[in-house]
Amino acid sequence: MNAGVSLIDFTAASSKARPLDVRWIHGSPSAKHNTDEDIQVYAYDQHTVILRQNMAINYEAPFLFLLFGNTRAVLIDTGATTSAEFFPLRRVVDELVEAWLARHPRQGYHLLVLHTHPHGDHIAGDSQFTDRPDTTVVGADMATAWKYLGFREDPDAVVQIDLGGRVLECLATPGHHEAAVTFHDPWTGFLLTGDTVYPGRLYIQNWAAFTRSIDRLIEFCDRRPVTHILGCHIEMTTEPGVDYPVRTTYQPDEPPLEMTTDDLREIRAAINEIGSTPTRRAFPRFILYPIP
0 MNAGVSLIDF TAASSKARPL DVRWIHGSPS AKHNTDEDIQ VYAYDQHTVI LRQNMAINYE
60 APFLFLLFGN TRAVLIDTGA TTSAEFFPLR RVVDELVEAW LARHPRQGYH LLVLHTHPHG
120 DHIAGDSQFT DRPDTTVVGA DMATAWKYLG FREDPDAVVQ IDLGGRVLEC LATPGHHEAA
180 VTFHDPWTGF LLTGDTVYPG RLYIQNWAAF TRSIDRLIEF CDRRPVTHIL GCHIEMTTEP
240 GVDYPVRTTY QPDEPPLEMT TDDLREIRAA INEIGSTPTR RAFPRFILYP IP
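Numbering-wise (numbering that gives the first Met the number 0), the sequence shown opens with residue 0 and increments by one.
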């Protein structure tokens, strides 16, 4: 850390839950005439930013997370579109970093790019950052990500990612994908679950692994302050058990993105209800969706 730089105390947070005071962009009846910004930027606090991709650019409309620490920031996931012309993620992130550094000046500030898993709608923007100075882009594939995080040696580890006083915890949560991971941020209390848990279709590649991951998340949350569980999509409607069809580009009746630890227990109860034969079934806040 540079001499004389004022350090932010990221251990002082109470992780008290408060609602996300935001109305997410959710597409429009005509994608051709959509006027939403390419990327919605929502500052949860001065060190925590949630981004959402415009549905007119890609129907997946994933959420991304930019977290600032004293020595580096982390961008978790890079969205569903490669083109910087249509999806200017690098420009938006650079502007956010520059604004943060204007408020908290320091030299040699680094950007780390990590992922919740390697599906295309979470990694497409990686190439926008490959030539960015002071940046490390960690590939999302299992061999690369798990080696970087240390899960190759110990898949049951809880790994710390130090952003400079803001120390995230990361654990392997396979099931949706074999390389899926979950991040916990003690500063906000966020549990960032990728496509493992969110208000939508929980596509399950490996039923047994998914069950173990849900069990592990429940146990983890019992020992941590968790304010909100934040996945990377919204696919449900406000009508319990009803989702928007795949490739929908207008979702005016979305429920909130944020879920709770009670939802984890609801997912576990749903797994028990379905039993040992994986079956697609809708529940009020999510759909369990085994992939054959």
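All residues carry an ideal CB built from backbone N, CA and C; glycine is no exception.
Small disclaimer: the values here were computed from a predicted structure and weren't measured.
- The stretch 225-244 makes contact with the stretch 189-202: 3 or more CB pairs, one atom from each, lie closer than 8 Å.
- Taking the C-beta atoms as reference points, T276 is found no nearer than 8 Å to A55.
- In the three-state reduction of the DSSP assignment, H176 falls in the coil class.
- When the beta-carbon positions are compared, F9 and W145 stay at least 8 Å from each other.
- A buried status is given to D184, since no fewer than 16 other beta-carbon atoms sit within 10 Å of its beta-carbon.
- At a Cβ-Cβ threshold of 8 Å, I286 and L201 count as neighbours.
- With the rule of 3 Cβ pairs closer than 8 Å, the stretch 254-270 counts as touching the stretch 204-215.
- Boundaries around I266 are those of the alpha helix (DSSP H), 260-273, since no beta strand (DSSP E) includes it.
- Counting only residues of its own chain and dropping the five nearest sequence neighbours on each side, G149 has a CB closer than 8 Å to the CB of A156, V158.
- The straight-line gap separating the alpha-carbon atoms of R222 and N33 is approximately 44 Å.
- Looking at the DSSP output, A142 bridges to nothing.
- Classified as exposed, A83 has fewer than 16 neighbouring CB atoms from the shown chains inside 10 Å of its CB.
- A direct Cα-Cα distance of roughly 43 Å separates R284 from R105.
- Less than 8 Å divides the Cβ of M141 from the Cβ of E177.
- With distances taken between CA atoms, A42 lies nearest to P18 out of P18, G240, G78.
- With contacts defined by Cβ atoms closer than 8 Å, R151 and L111 do not form a contacting pair.
- With 16 or more neighbouring CB atoms inside 10 Å of its own CB, G78 falls in the buried class.
- No residue range can be given for D242, since it is assigned to no alpha helix (DSSP H) and is classified by DSSP as neither H nor E.
- Counting only the Cα atoms, S5 lies some 21 Å from I160.
- Listed in chain order, the alpha helix (DSSP H) runs fully inside the stretch 121-169 are 141-148, counting runs of at least 4 residues.
- Between V225 and L191, the C-beta gap is not smaller than 8 Å, which leaves the two residues out of contact.
- When only Cα atoms are considered, G274 and D262 end up about 18 Å apart.
- The beta-bridge partner set that DSSP reports for G107 is empty.
- T260 and C220 have their alpha carbons spaced roughly 7 Å apart.
- Distance from the CA of P239 to the CA of P254, rounded to the nearest whole angstrom, comes to 10 Å.
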